[in-house]
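Structure record follows, encoded as structure tokens.
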Amino acid sequence: MRISCGNPFTLAHNLVSTGKTAPRARASTIVRPPLEWRPRLKRSPGRSTIASDFDPARHRLVPTRYFEDFRLGEEFYIPSRTVTEAHFSAFQAASGDNHPIHYDREFCRRHGHPDLLAHGLQVLIQTAAGAGPFPFHVEDSLMGFIEQSSKFLKPVYVGDTLYPLLTVSDLKPQRTTGVLTLRSTIHNQNGERVLEGEQKYLIRKRPV
Numbered sequence: 373m374r375i376s377c378g379n380p381f382t383l384a385h386n387l388v389s390t391g392k393t394a395p396r397a398r399a400s401t402i403v404r405p406p407l408e409w410r411p412r413l414k415r416s417p418g419r420s421t422i423a424s425d426f427d428p429a430r431h432r433l434v435p436t437r438y439f440e441d442f443r444l445g446e447e448f449y450i451p452s453r454t455v456t457e458a459h460f461s462a463f464q465a466a467s468g469d470n471h472p473i474h475y476d477r478e479f480c481r482r483h484g485h486p487d488l489l490a491h492g493l494q495v496l497i498q499t500a501a502g503a504g505p506f507p508f509h510v511e512d513s514l515m516g517f518i519e520q521s522s523k524f525l526k527p528v529y530v531g532d533t534l535y536p537l538l539t540v541s542d543l544k545p546q547r548t549t550g551v552l553t554l555r556s557t558i559h560n561q562n563g564e565r566v567l568e569g570e571q572k573y574l575i576r577k578r579p580v
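Quick note, the sequence shown lines up with residues 373 to 580 if you use this note's numbering.
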């Protein structure tokens with residue numbers, strides 16, 4: 373019996389009236405050609421996938437600078453950031469600090485603060501050089517971050533916006549290297565300086 377594809381209700385009625393059952397559908401089988409029949413990808417002999425004009429140095433933001441290339445008074449601005457409760461939580465997780473003055477809003481208010489008070493180190497890390505352009509200038513010449521000092525001048529609260537800045541303040545040459553000092557400052561949204569300090573880096577001199 374030949375069964376045409378039509379209305380399924382009509383098909384069922386016809387089968388019942390004739391007393392026959394519908395044929396079972398056969399599972400489709402995917403027939404693959406023998407391996408020797410399949411096309412093979414051919415590569416040109418001696419052909420390389422490496423581009424002859426590829427130069428990783430082109431992917432750097434700026435050319436590497438050495439100790440002699442820096443000048444007193446140069447400034448490296450770090451993007452501004454508004455301090456949120458998420459920053460407080462992240463600092464707590466990273467540092468293990470658990471004093472309620474930084475995480476309990478009601479405790480802060482009972483002690484004369486309008487809101488959560490940022491830990492001094494939480495403020496200090498906003499001056500991390502890696503958050504700004506300075507490290508890109510010393511990718512090949514930086515030997516180490518050797519010293520850090522800071523003064524906390526005013527409180528920082530959740531919701532404050534911070535504006536960090538690094539300025540070259542001292543250059544001490546040595547035989548093959550030099551110590552570069554960056555003066556670090558942070559101002560808040562009101563123009564008040566909330567932090568100042570210094571960072572010292574050991575930088576290679578230009579190769580002879």
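C-beta atoms are modelled at their ideal positions from N, C-alpha and C, and glycine is treated no differently.
Looking only at C-alpha atoms, which of the options sits nearest to residue i?
i: Ser556; options: Ala465, Gln498, Gly569 and Thr549; result: Gly569
i: Gln571; options: Arg437, Ala423 and Val551; result: Val551
i: Asn560; options: Gly516, His471 and Ala490; result: Ala490
i: Leu537; options: Thr421, Asp427 and Gly445; result: Gly445
i: Thr549; options: Ser521, Gly516 and Asp476; result: Gly516
i: Arg578; options: Arg565, Gly563, Leu554 and Arg547; result: Arg547
i: Leu554; options: Arg477, Pro472 and Ser521; result: Ser521
What are the boundary residues of the beta strand (DSSP E) that residue i is part of?
i: Glu564; result: Element bounds for Glu564: n/a, residue is neither H nor E.
i: His559; result: Thr549 to His559
In terms of residue numbering, what span does the alpha helix (DSSP H) encompassing residue i cover?
i: Gln494; result: Gly492 to Leu496
CB residue i to CB residue j, shorter than 8 Å?
i: Ile575; j: Tyr449; result: no
i: Arg453; j: Leu525; result: no
i: Lys523; j: Leu567; result: yes
i: Val530; j: Thr456; result: yes
i: Gln498; j: Ile558; result: yes
Unbroken stretches of the beta strand (DSSP E), 3 residues or longer, contained in the stretch 439-465: 447-449
Inter-stretch contact (C-beta, 8 Å, three-pair minimum) for the stretch 427-439 and the stretch 502-514: yes
Contact between the stretch 459-476 and the stretch 534-551 (3+ Cβ pairs under 8 Å): no
Whole alpha helix (DSSP H) elements within the stretch 469-539, 4-residue minimum: 477-482, 492-496 and 506-509
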